[in-house]
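**Student:** Chains as they are written, first to last, in UniProt numbering: chain Z, 1 to 225; chain P, 1 to 250.
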Ligand SMILES: Nc1ncnc2c1ncn2[C@@H]1O[C@H](COP(=O)(O)OP(=O)(O)OP(=O)(O)O)[C@@H](O)[C@H]1O
Ligand SMILES: [Mg+2]
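Next up, the structure:
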């Protein structure tokens, strides 16, 4: 007979997988909207956002009742602590994706700018880091965690560089200021999605190893590119 | 130096071996919780610390137990002095059929203290120590059986404290108590730790977490893991410990 707590933990795991998939879809949608010229209709996105919010609340409820009724310890405790944090991170990823979609609609001559500053490449990498993040929660694979850290570093560097170039462009050509600013905001959002993914990877690492690596410079140590 | 140091303990009830090569040390003024499934040898180990197992026929021990550096199983050990130094509280409150006052005074008289004033002082201090004074000060002459279970248990602890031990052994001291009495005993353990070294057997994992500094997990007569309580309950190193504390045993 399965322990009651195991049923609850299984439920929790499934919901996180579900909410992770939804956020992954949102990011994919955001990247699509950002990169494609005619802007798609945002109805589906809004619906998904509501689903994510509901699941996020549901996760908190389940965690609360597990704490109150089962007093989890050791790996159970780490799993629940991580689940709560991970669902927060996922919820933010969803929000950032929505912001990207909204901002993308207000960038004039978007296509030219995207080509000029190699934004497509960054956006695709952000899409891929969200996929990897869901995978790492599911498989608890340490090498995937390493890949996420490395990818995050790369995204961060490329965002910095693109932002630097956009600012220079704005300095020399004042007509690009509005679009340029919006694009900088989008880049910052992409960078933050990647950060949230990295945080999730850190929680998965904590779940497996009981070690907290938050705030440690992992990109420059263990998981060197 | 460790307050209690046991090395390579094997213990037998007749042919049955109840403890296998158990080595376990405890620091002064610490609380150690002994946990593990029923029959794993917790009580057996606890009783070795004040030679209570001597009272059971046909038992045998090998290995050594040092308290304050002294081997308590050495031939010239005075067992009465040992038991004075190592007090014990049991699962069920077991007051004597005497008055509240007499229950606490009993141990003193047995130990040859006759001065009335000394006895009175010690009785009051001990009852105060277990935070029972407010509840019993007006009925010291009444029978101890008129107290509630939780009050009786605190009275028994007061009785153990009156003879001024330095070590207190507790075998599931709250298993018969309601949550309020339990939390009073737990608070008491926390207070007593300043002056005593405490070893407590408990089946309540949360209690072990709340009251102890170190936790020892026993299984089938073996000490499987012994570590800081925080470590045991967050990241035990043995799978058996993890399975036991998360309730997935067997
Ligand atoms: N007086 C005795 N005579 C013979 N065997 C005994 C005696 N006391 C205990 N045992 C045996 O020794 C083993 C350990 O018993 P012990 O009482 O130390 O377990 P425990 O961990 O305290 O269990 P519980 O949690 O049920 O109190 C058991 O197998 C038990 O049957
Ligand atoms: Mg026992």
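No residue lacks a Cβ here, since even glycine has one placed at the ideal position from N, Cα and C.
1) Within 8 Å of any Cβ in chain Z, is that where the Cβ of residue 206 of chain P sits?
2) Can you tell me whether residue 150 of chain P is buried or exposed, with buried defined as 16 or more other CB within 10 angstroms of its CB?
3) Return the first residue and the last residue of the beta strand (DSSP E) that residue 216 of chain P is part of.
4) Would residue 159 of chain P and residue 103 of chain P qualify as a contact pair, given that the criterion is a beta-carbon distance under 8 Å?
5) So what does residue 199 of chain P bridge to, in DSSP terms?
6) Do we get a CB-CB distance below 8 Å when we pair residue 212 of chain Z with the residues of chain P?
7) Check whether the Cβ of residue 42 of chain P sits closer than 7 Å to any heavy atom of ligand 1, and report yes or no.
8) Does the segment 195-214 of chain Z come close enough to the segment 70-83 of chain Z to have 3 or more Cβ pairs within less than 8 Å?
9) Give a yes or no on whether the C-beta atoms belonging to residue 188 of chain P and residue 154 of chain P are separated by under 8 Å.
10) Using a threshold of 7 Å, is the CB atom of residue 20 of chain P nearer than that to any non-hydrogen atom of ligand 1?
11) Who are the near neighbours of residue 169 of chain Z in its chain, counting only those whose CB is closer than 7 Å to its CB and skipping five residues on each side?
12) Taking only three categories from DSSP, how would you classify residue 70 of chain P?
13) Which residue spans inside the segment 74-128 of chain P form an unbroken beta strand (DSSP E) run of at least 3?
14) Output yes or no for whether 8 Å exceeds the beta carbon distance between residue 82 of chain P and residue 53 of chain P.
15) Grab me the residues of residue 189 of chain Z's own chain with a C-beta within less than 6 Å of its C-beta, minus the 5 sequence neighbours each way, in chain order.
16) Could you name the residues that DSSP lists as bridge partners for residue 9 of chain P?
17) Between which residues of its own chain and residue 158 of chain Z is the CB-CB distance below 6 Å, once the five residues before and five after are set aside?
18) Along the chain, where does the alpha helix (DSSP H) containing residue 105 of chain Z start, and where does it finish?
19) Which residues in chain Z have a C-beta closer than 7 Å to the C-beta of residue 197 of chain P? List them in chain order.
20) Closest by CA to residue 91 of chain Z, which one among Z:59, Z:205, Z:31?
21) Hey, quick one: how far does the beta strand (DSSP E) through residue 224 of chain P stretch, first residue to last?
22) Spell out the partners DSSP gives residue 4 of chain P in its beta bridges.
**Tutor:** With the given structure in hand:
1) yes
2) It is buried - the Cβ of residue 150 of chain P has at least 16 other Cβ atoms within 10 Å.
3) 214-219
4) yes
5) Note: residue 199 of chain P is bridge-paired with P:32, P:169 in the DSSP secondary-structure output.
6) no
7) Residue 42 of chain P: yes, Cβ under 7 Å from ligand 1.
8) yes
9) yes
10) No, the Cβ of residue 20 of chain P stays beyond 7 Å of every heavy atom of ligand 1.
11) Around residue 169 of chain Z: 176, 180.
12) strand
13) 86-89
14) no
15) 96, 99, 100
16) Per DSSP, P:22.
17) 122
18) Note, residue 105 of chain Z: premise wrong, no alpha helix (DSSP H); not H, not E.
19) Listed along chain Z, no residue sits closer than 7 Å to residue 197 of chain P by beta-carbon distance, the nearest being about 25 Å off.
20) Z:59
21) That run of the beta strand (DSSP E) goes 222-228.
22) P:26, P:67
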